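Going letter by letter, the sequence shown gives residues 1 to 213 in UniProt numbering.
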Amino acid sequence: MTETQRRTSPEAAPPAQCAARHEGRPRPDGSGRYTISEVAAFTGLSAHTLRWYERIGLMPHVDRSHTGQRRFSARDLDWLDLVGKLRLTGMTVADMVRYAELVRQGERTVAERQSLLEDTREGVLARIAELRDTLDVLDYKIDHYSRKTGQLPAARTVSAQPSPRETSECGTAAPPVTSAGHASADVAGHASTDRVPDGRRSQVPAGRTTVLG
Numbered sequence: 001m002t003e004t005q006r007r008t009s010p011e012a013a014p015p016a017q018c019a020a021r022h023e024g025r026p027r028p029d030g031s032g033r034y035t036i037s038e039v040a041a042f043t044g045l046s047a048h049t050l051r052w053y054e055r056i057g058l059m060p061h062v063d064r065s066h067t068g069q070r071r072f073s074a075r076d077l078d079w080l081d082l083v084g085k086l087r088l089t090g091m092t093v094a095d096m097v098r099y100a101e102l103v104r105q106g107e108r109t110v111a112e113r114q115s116l117l118e119d120t121r122e123g124v125l126a127r128i129a130e131l132r133d134t135l136d137v138l139d140y141k142i143d144h145y146s147r148k149t150g151q152l153p154a155a156r157t158v159s160a161q162p163s164p165r166e167t168s169e170c171g172t173a174a175p176p177v178t179s180a181g182h183a184s185a186d187v188a189g190h191a192s193t194d195r196v197p198d199g200r201r202s203q204v205p206a207g208r209t210t211v212l213g
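And the structure:
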């Protein structure tokens, strides 16, 4: 590899992470170089998108065969995987291109790269919090309906913190659900709520806006 290739090569993920990431999804066959159609099949990106990434600077210059066809390396595939993760964070194309340019500039931009990714991480954490809040509301409503229908909700595996569904609509401990799916009689009255028009309920988990339905 020439010095120019070193400067323009994308930043790869740690080997252990790469191995875990590609387990069960083998790379396309080949001797370390892949055609654009193979990369498109592997990544799920269209050939048009791959060419566009290169044109706008989101990818470094991809090597060409003696006939002028693109030949992607395993390192290029690792870079595309990272780009896919950055897209999932909600990072803008402009910021992704900026990050790629910083990578190409070498070690002197490490601090700036770190800052960019830390800002992105904060955004991801905010989105996770919003999704957890949304999940809590869904769980709360599902449990509310299950007590009416007698159909126990499916087992859940995602719950990092106590959710509103663990409390009644009054904010106290939720009444136990019997085999028939109904709250025990001695607390049924306490858990009741005043109905308001359009299916809204006047009491919802603490700190939440009114939940419809």
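Here a beta-carbon is modelled for each residue, glycine too, at the ideal position from N, C-alpha and C.
Computed from a prediction, not measured in an experiment: that's the story for all the values here.
In the three-state reduction of the DSSP assignment, Arg132 falls in the helix class, which pools H, G and I. For Arg70, the enclosing beta strand (DSSP E) begins and ends at 70-73. Shown here, Arg33 sits in a strand according to DSSP, grouped into three states. Of the candidates Arg75, Leu152, Leu88, Ala100, Leu88 places its Cα closest to the Cα of Val124.
Of all C-beta pairs linking the region 67-84 to the region 112-119, fewer than three are shorter than 8 angstroms, placing the two stretches out of contact.
The three-state secondary structure of Arg156, taken from DSSP, is coil. The C-alpha of Leu138 lies about 16 angstroms from the C-alpha of Thr149. The beta carbon of Ile56 lies closer than 7 angstroms to those of Val97 in the same chain, with the five residues before and after it left out. Rounded to the nearest angstrom, the Cβ distance from Arg71 to Val83 is 19 angstroms, too far for a contact under 8 angstroms. Under the DSSP assignment, Thr49 falls in the alpha helix (DSSP H) whose first and last residues are 47-56. Membership of Glu101 in the alpha helix (DSSP H) is indicated by the continuous run 93-104. Distances from the alpha-carbon of Gly32 to those of His48, Ser65, Ser46, Glu54 put Ser65 closest. Within the DSSP secondary-structure output, Asp63 pairs in a beta bridge with Arg71. Cβ-Cβ distances below 7 angstroms link Ala40 to Ser46, Ala47, Leu50 in the same chain, with the five nearest sequence neighbours on each side left out; the list follows chain order. Shortest Cα-Cα distance from Arg127 to any of Glu38, Val110, Met91, Thr35 involves Met91. When secondary structure is reduced to three states using DSSP, Gly123 falls in the helix class.
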